[in-house]
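Numbering (the numbering used here), first residue to last: 310 to 396. Have a look at the structure below before the remarks.
The structure is reproduced here in structure tokens:
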């Protein structure tokens with residue numbers, strides 16, 4: 310079975326981007342806005358626990374997971390096609 314690389318990458322991007330956006334607003338709702346350096350803030354330039362930071366995280370997370378999902382699906386298809394040849 311082969312994965313559709315575009316569909317898998319887009320799904321990963323949407324899930325991670327929207328998830329990071331929602332998680333940021335969850336933290337804002339309970340702890341308030343903070344501009345402290347977080348681990349994700351070190352990975353995603355401009356990200357912080359703030360309304361603007363949630364939008365920055367949405368964009369960074371989408372493209373990060375889009376590329377990661379494309380690579381994962383491509384590797385899966387490569388390995389799956391090689392294992393089919395051996396059978």
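For glycine and all other residues, C-beta sits at the position ideal for the given N, C-alpha and C.
Item to check | Pairwise C-alpha distance: residue 320 and residue 397 | outcome: Nothing can be reported for residue 397: it is not among the residues displayed for the chain, which extend from 310 to 396.
Checklist entry - Is residue 358 near residue 368, with beta carbons less than 8 Å apart? => result no
Next on the checklist: DSSP three-state label for residue 333, please.
Outcome noted: helix
Item to check | Chain-order list of residues whose beta-carbon lies under 7 Å from that of residue 335 (same chain, five-residue window excluded) | outcome: none
Checklist entry - In the structure shown, what three-state DSSP assignment does residue 343 receive? => result strand
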